[in-house]
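Everything on this sheet refers to the single structure shown next.
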Amino acid sequence: MTCRTLEEFYHIDGHLFEKQYKESLSGFRSWEQLDHAEEWLLFADNIGPRLAIDESSLSNGELYTFITNRDARTREQSLVAVVAGTRSEDIIAVLKLIDEDKRNQVEEVTLDLSDSMRRIVRTAFPRASRVIDRFHIQKLACDAVQELRIKHRWDAIQQCNDEMEEAKLSGKPYEPFRYSNGDTRKELLIRSRYLLFKSADKWSPTQKERAAILFDNYPDIKTAYGLCHSLRMIFSKNTIKDAARLSMARWYNKVEEAGLHSFNVIAATFYEHYDEILNFYNNRSSNA
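When we follow this note's numbering, the leftmost residue of the sequence shown carries the number 388, and every step to the right adds one.
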């Protein structure tokens with residue numbers, strides 16, 4: 388309930404009450420973390436054996452780093468620390484304010500693929516197992532698929548411009564090429580965006596038709612989508628680390644055969660974090 392709501396029901400000055408609540412009733416001015424609240428907050432008592440570290444934008448595009456207790460599942464007492472920015476030195480300095488014995492009791496931390504996150508966890512929680520968040524991994528693969536789609540979209544725009552200019556010079560009306568579903572080349576590539584994020588079994592009939600046309604005309608997008616989907620299945624279906632290791636090795640072979648630059652970069656990145664990626668199968672932990 389907001390102060391504005393109280394104003395309506397109790398006929399008080401909502402703005403004045405809001406100010407009085409902040410300055411006097413809430414105890415905000417006597418809060419022990421007030422002097423550094425804009426830079427960092429620390430709730431050491433909320434620490435637990437399984438943590439997550441991630442960055443997020445709260446307002447105006449400014450990034451903050453959050454450390455949370457995964458066992459609290461975003462409920463009360465889940466926040467361990469929040470630090471303005473992403474500089475590893477700043478975050479480590481805040482986390483080191485937590486008693487060393489407590490930090491050494493942390494068993495597992497989920498994180499993304501960034502080197503700074505890895506350094507933070509390695510320094511602040513030296514005994515914890517590092518687990519790369521599966522959704523950051525899958526996002527990389529999805530981004531690679533979309534990158535191909537966007538590249539072909541720019542080519543389609545240029546082709547359309549060339550055809551319009553040619554029609555203009557020849558004095559003929561311009562009629563864009565259309566596929567069997569009525570999409571032009573540009574429209575096909577624009578409208579295929581969302582279906583490429585989804586599994587094929589979740590496509591609507593219209594999306595199935597559009598995907599078939601897209602894959603027939605852009606086989607590299609089909610290959611990229613297949614690689615992305617098979618990676619998703621590795622995380623969804625494999626339940627033990629040894630099975631996942633074998634599936635990942637097969638996926639690497641598919642990437643090599645495909646010869647797509649973006650996926651080669653992704654495979655190289657995964658290789659650098661191989662053990663941390665496979666640690667997902669210890670407890671199937673993620674930042675979600």
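We put the beta carbon where it would ideally sit given N, CA and C, even for glycine.
- Here residue 495 is buried. Its C-beta has 16 or more other C-beta atoms within 10 Å.
- In the assembly as shown, residue 456 is a buried residue. Its beta-carbon has 16 or more other beta-carbons within 10 Å.
- Just so you know, the alpha carbons of residue 420 and residue 464 end up roughly 16 Å apart.
- In the structure shown, residue 485 falls within a coil segment according to DSSP collapsed to helix, strand and coil.
- Distance between residue 448 and residue 572, taken at the CA atoms: about 35 Å.
- Taking 8 Å as the upper bound for CB-CB distance, residue 436 and residue 492 are in contact here, some 6 Å apart.
- About 5 Å separates the CB atoms of residue 434 and residue 489; that is less than 8 Å, so the two are in contact.
- Residue 672 places its beta carbon 8 Å or farther from that of residue 467.
- Counting of Cβ neighbours within 10 angstroms places residue 553 among the exposed residues, the total staying below 16.
- For residue 468, the three-state secondary structure derived from DSSP is strand.
- Between the alpha carbons of residue 659 and residue 653 lies a distance of about 10 Å.
- Residue 453 is positioned such that its CB atom lies closer than 8 Å to that of residue 443.
- For residue 427, the enclosing beta strand (DSSP E) has its first and last residue at 427-429.
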